[in-house]
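Under my numbering, the first residue of the sequence shown carries the number 74, and numbering increases by one thereafter. The beta-carbon is built from N, C-alpha and C at its ideal position, and this holds for glycine as well. Notes follow the structure.
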Amino acid sequence: MQSIDTGLLAELFDLSPEVAFFVKDRDGCYVFVNNSLVARHGLKSKSDVVGKRPSEICPGDFGQIPTEQDSKVLKTGRPLVDHLEMQWHRPHDPVWCLTTKLPIRDAENRVVGLIGFSRDIRQSLELQDIPSSLVQALRDFEKSLASDVTPSLLAQRADLSAQRLSRLTKRLFGLTPSQLITKTRIAAASRLLRD
Numbered sequence: 074m075q076s077i078d079t080g081l082l083a084e085l086f087d088l089s090p091e092v093a094f095f096v097k098d099r100d101g102c103y104v105f106v107n108n109s110l111v112a113r114h115g116l117k118s119k120s121d122v123v124g125k126r127p128s129e130i131c132p133g134d135f136g137q138i139p140t141e142q143d144s145k146v147l148k149t150g151r152p153l154v155d156h157l158e159m160q161w162h163r164p165h166d167p168v169w170c171l172t173t174k175l176p177i178r179d180a181e182n183r184v185v186g187l188i189g190f191s192r193d194i195r196q197s198l199e200l201q202d203i204p205s206s207l208v209q210a211l212r213d214f215e216k217s218l219a220s221d222v223t224p225s226l227l228a229q230r231a232d233l234s235a236q237r238l239s240r241l242t243k244r245l246f247g248l249t250p251s252q253l254i255t256k257t258r259i260a261a262a263s264r265l266l267r268d
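So this is what it looks like as structure tokens:
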């Protein structure tokens, strides 16, 4: 098996709504996408995405950052693996995702595109041994971004001790609860300023 039809991969990933799958050409334009990626951007069909860069379909940093990531992978040939980032699913739903982008090489080992996916980690949270109360507390915080949220209040809403919350956020996000709250607020403020 020398090559796999990328259209077949897109079809396969259409069966995984928690994963946004994409293939991009050497210019960073989408060639193949799955339905989840289309829905995340609030668009109607794959044709609304194909032929465009992320910066052409998503405003501000939420389009510019992935476009810059693509350029780096395409230029250096180095993959981006499990990169934690906040993405905005339309209309205004902040979501933590792990994104992976791998270079596609031709027979002469030249980078000719990239293939990747972005996983909504909220889906993974529910499948792991993570308290559902933490999943709900994080979802509530992401939606409201209340200014009074502190690590101790987040722990209380998640029905966890401060120490357990700290261990879980460190394991899941690589961040302390305070860092997670701050990063979420900064990403939300950036999005609001761009809209």
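Nearest-angstrom Cα separation, counted from residue j out to residue i
i, j, result
"M159", "Q142", "14 angstroms"
"F339", "S89", "Here the chain covers residues 74 to 268 and nothing more, so residue 339 does not appear."
"V119", "F135", "For clarity, residue 119 is Lys in the given sequence; the question names Val instead. Whole-angstrom Cα-Cα distance: 19 angstroms."
"V111", "I130", "10 angstroms"
"D213", "I254", "12 angstroms"
"D179", "R240", "43 angstroms"
"R244", "N182", "36 angstroms"
"R258", "G115", "22 angstroms"
"E215", "E84", "31 angstroms"
"R99", "L82", "19 angstroms"
"P204", "L211", "11 angstroms"
"G150", "V184", "6 angstroms"
"G189", "D221", "37 angstroms"
"G124", "L157", "26 angstroms"
"F246", "S217", "20 angstroms"
Residues near residue i in its chain [Cβ-Cβ closer than 8 angstroms; skip 5 each side]
i, result
"D155", "L171, T172 and T173"
"S109", "F86, D87, S89, P90, E91, V92, A93 and F94"
"L238", "L207, P224, L227, A228, A231 and P250"
"V122", "Y103, V106, L110, V111, H114, L116 and I130"
"L233", "P204, S206, L207 and L241"
"P152", "V146, T173, K174, L175 and P176"
Beta-ladder partner(s) of residue i, from DSSP
i, result
"S191", "A93 and T172"
"Q160", "V168"
"R178", "V184"
"F105", "V96"
Simplified DSSP state of residue i, which is helix, strand or coil
i, result
"G136", "helix"
"L153", "strand"
"M74", "Note that M74 scores 33 on pLDDT, short of 50, meaning its location in the model is unreliable and no value can be drawn from it."
"V122", "coil"
"D100", "coil"
"A235", "helix"
"D87", "coil"
"S241", "Per the sequence presented here, residue 241 reads as Leu, with Ser not at that position. Of the three classes helix, strand and coil, the one that applies to L241 here is helix, per DSSP."
"L207", "helix"
Residues near residue i by beta carbon distance below 6 angstroms, same chain, minus five either side
i, result
"Q75", "With a pLDDT of 43 at Q75, under the threshold of 50, the modelled position of this residue cannot be trusted, and the question is left open."
"R126", "G101, C102 and T140"
"S251", "P224"
"S128", "G136, Q137 and T140"
"S191", "A93, C170 and T172"
Cβ-based neighbour list, residue i, same chain, cut-off 7 angstroms, excluding 5 preceding and 5 following
i, result
"D193", "E91, V168 and C170"
"L248", "T242 and K256"
"L187", "K97, D143, V146, L147, K174, L175, P176 and I177"
"A235", "P224, S225 and A228"
"D78", "none"
Start and end residues, alpha helix (DSSP H) containing residue i
i, result
"V222", "Note, V222: premise wrong, no alpha helix (DSSP H); not H, not E."
"V111", "N108 to R113"
"T249", "No alpha helix (DSSP H) contains T249, which DSSP labels as neither H nor E."
"P127", "P127 to I130"
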